[in-house]
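Letter by letter, the sequence shown follows residues 10 to 204 of the numbering used here. In this text, a Cβ means the ideal position worked out from N, Cα and C, and glycines have one as well.
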Amino acid sequence: MFSDIFPWSSNGTEEKVSTHAMTTIDGAELARLIENREDLLEEMVGTLVLHLKFGSGHIVRVKARSGYMPLITARFENGREDFDFNLVAFKEGHFCQVVIDSSLLAKLRSCPPAAATYREPQAKPRSNESCESEPGVTFARPDCFIQRRHRRVTHCWNCKRDGLDSVVDRICPECGGIVCPHCGACLCQWKGSDF
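The following block contains the structure:
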């Protein structure tokens, strides 16, 4: 305005103000629209956003990543650093308002929604079946394995000493009782060669 009255004072470094109409949408709608049109990600730079925690800011960079959601970098007015967000933050409502150019919004909305893709579930081979086909790996059936022992700590019924431990002390093969290291007693008094 000052340069309109005094044109000689203008130095030619004035910023041009955008004449495009702006529209406010919520972050969930923007995330849904961006999923359909990843070719328009570069046009998102400069879009104003309002985050619930960080306040108002603008999009600085949008990076498309193959196989992943695009990574949106935003700079907020009250902070000095940039924050990266993926579309989950927009879908979950962390961005309550997005002020976007109306022409860009029309381009995003003109794209039909992406068709849902169906993948047939692939049957994964069981771990023991995959070992059979590899050379040098022997296959053992589950019934060949010894049952896992549960730890028992008790006292001897014969000499009454405490501290019998099923992890440390021997187990009787007949009755499954803990063999006392002091008196040699088990639950069935078996005198085998293992003792």
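Going by DSSP in three states, residue i sits in which element: helix, strand or coil?
i           : result
residue 171 : strand
residue 97  : helix
residue 195 : coil
residue 187 : strand
residue 23  : Annotation note: pLDDT 43 at residue 23 (below 50); position unreliable, coordinate value reported separately. It is coil, neither helix nor strand.
Going by beta carbon distance, what residues of the same chain come within less than 7 Å of residue i, once the five residues before and after it are set aside?
i           : result
residue 24  : Per-residue confidence for residue 24 stands at a pLDDT of 42, beneath the threshold of 50, marking its modelled position as unreliable; the derived number appears in the next sentence. If we look at residue 24 and ignore the five residues flanking it on each side, it has no Cβ neighbours.
residue 73  : 47, 50, 79
residue 76  : none
residue 118 : 42
Among the options, which has the Cα closest to the Cα of residue i?
i           : options           : result
residue 51  : 63, 71, 60, 36    : 71
residue 56  : 81, 169, 171      : 81
residue 108 : 159, 170, 38, 168 : 38
residue 181 : 169, 98, 168, 195 : 195
residue 5   : 76, 77, 90, 75    : Missing from the structure shown is residue 5; the chain here goes from 10 to 204 and no further.
residue 62  : 171, 31, 77, 98   : 98
By Cβ distance, which residues of its chain are closer than 8 Å to residue i, with the 5 residues on each side in sequence left out?
i           : result
residue 178 : 187, 188, 189, 190
residue 64  : 85, 86, 87
residue 160 : 174, 175, 176
residue 96  : 40, 43, 44, 78, 79, 81
Give me, in chain order, the residues of the same chain whose beta-carbon lies closer than 6 Å to that of residue i; leave out the 5 immediate sequence neighbours on both sides.
i           : result
residue 92  : 83
residue 106 : 33, 59
residue 104 : 36, 58, 60
residue 163 : 173
residue 167 : 192, 194
residue 94  : 81
residue 170 : 191
residue 114 : 32
Kindly indicate if chain B contains any beta-carbon less than 8 Å away from that of residue i.
i           : result
residue 182 : In the displayed structure, chain B is absent; only one protein chain is listed.
Just checking my contact of residue i with residue j at CB under 8 Å: how many whole Å lie between their CB atoms?
i           : j          : result
residue 102 : residue 36 : 6 Å
residue 54  : residue 43 : With a Cβ gap of about 13 Å, residue 54 and residue 43 do not count as contacting.
residue 100 : residue 40 : 5 Å
Start-end ranges of the alpha helix (DSSP H) lying completely within the segment 32-89, minimum 4 residues: 36-45
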